[in-house]
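Residue numbers (my numbering): 1 to 229.
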Ligand SMILES: C[S@@+](CC[C@H](N)C(=O)[O-])C[C@H]1O[C@@H](n2cnc3c(N)ncnc32)[C@H](O)[C@@H]1O
């Protein structure tokens, strides 16, 4: 049955032969989709619920791309009179040129260049589906290691309804064919709740909560400071 098993085909924009110009355009198109789908919403909703006092937090965004999520959340938090400060990490060197945040590191989510408990909140969005299952286990372990208070990871939920809705959305806003193909492949490479529960268990995450929202997003949260609700 279509989407029962996860696809393993590599995405077009992950190929090493993509030029910096192609990648810049790719991140700009990703931003259009991110804004339309409110990619910051799960973090606005869940972080204040899962940490005791959200008024002053340091974040590490894994697979941060051009840094849009951190910028969006920083601005939103400032409107609440909160201080949310972001460090970014991505494996693709082009992202450093695109990101205005000076705390942007190049590296892999499977081997984070940070000490244990060095960031209050470790987040990721639309990144984990780029990894193999073995890499996901290491990514979850590393996220838990460097987080002091909360890990909150969000990605694409693999199901046919979402695949069709995303196809329609990307077609209606006239995104280029390669981007649309990667978008659908991202859902095909996406996750279902039992899979993340299994991988979180294999990573040794204690008390990991995994759930899906609106059929489109899958989330994993680990509350570490003992005060989260
Ligand atoms: C679909 S983009 C999402 C970017 C950003 N999170 C957003 O939502 O706009 C996935 C990002 O994950 C990065 N990525 C993929 N594998 C990675 C790894 N092993 N370590 C760090 N970043 C990775 C890619 O370079 C890319 O920037």
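Note that the Cβ used here is the ideal one computed from N, Cα and C, for glycine as well.
Could you tell me the distance, in whole angstroms, from the CA atom of residue i to the CA atom of residue j?
{"i": "residue 71", "j": "residue 42", "result": "15 angstroms"}
{"i": "residue 196", "j": "residue 134", "result": "12 angstroms"}
{"i": "residue 227", "j": "residue 46", "result": "Unreliable placement is indicated for residue 227, whose pLDDT of 44 sits below 50; the coordinate value is still reported in the next sentence. Distance between the alpha carbons of residue 227 and residue 46: 14 angstroms."}
{"i": "residue 29", "j": "residue 125", "result": "16 angstroms"}
{"i": "residue 285", "j": "residue 92", "result": "The displayed coordinates of the chain run from 1 to 229. Any statement about residue 285 would go beyond what the structure contains."}
{"i": "residue 5", "j": "residue 218", "result": "16 angstroms"}
{"i": "residue 229", "j": "residue 149", "result": "Reliability of the predicted coordinates at residue 229 is poor, the pLDDT of 40 falling under 50, and the value obtained from them is presented with this limitation in mind. Taking the straight line from one Cα to the other gives about 12 angstroms."}
{"i": "residue 26", "j": "residue 68", "result": "13 angstroms"}
{"i": "residue 155", "j": "residue 34", "result": "12 angstroms"}
{"i": "residue 57", "j": "residue 104", "result": "17 angstroms"}
{"i": "residue 165", "j": "residue 97", "result": "32 angstroms"}
{"i": "residue 212", "j": "residue 129", "result": "15 angstroms"}
{"i": "residue 59", "j": "residue 152", "result": "10 angstroms"}
State yes or no: is the C-beta of residue i nearer than 7 angstroms to some heavy atom of ligand 1?
{"i": "residue 55", "result": "no"}
{"i": "residue 64", "result": "yes"}
{"i": "residue 132", "result": "no"}
{"i": "residue 1", "result": "no"}
{"i": "residue 170", "result": "no"}
{"i": "residue 89", "result": "yes"}
Assuming residue i contacts residue j under a Cβ cut-off of 8 angstroms, what Cβ separation, rounded to an integer in Å, is found between them?
{"i": "residue 12", "j": "residue 182", "result": "5 angstroms"}
{"i": "residue 136", "j": "residue 199", "result": "5 angstroms"}
Of all Cβ atoms in chain D, is any one closer than 8 angstroms to the Cβ of residue i?
{"i": "residue 38", "result": "Among the protein chains of the structure shown there is no chain D, as only one such chain exists."}
Q) Between the region 138-155 and the region 201-208, are three or more C-beta pairs nearer than 8 angstroms? A) yes
Q.
Would the region 67-83 count as touching the region 31-41 if we require 3 or more Cβ pairs under 8 angstroms?
A. Result yes; three or more Cβ-Cβ pairs closer than 8 angstroms.
Q. Is it true that the region 82-92 meets the region 105-125, where meeting means three or more beta-carbon pairs spaced less than 8 angstroms apart?
A. yes
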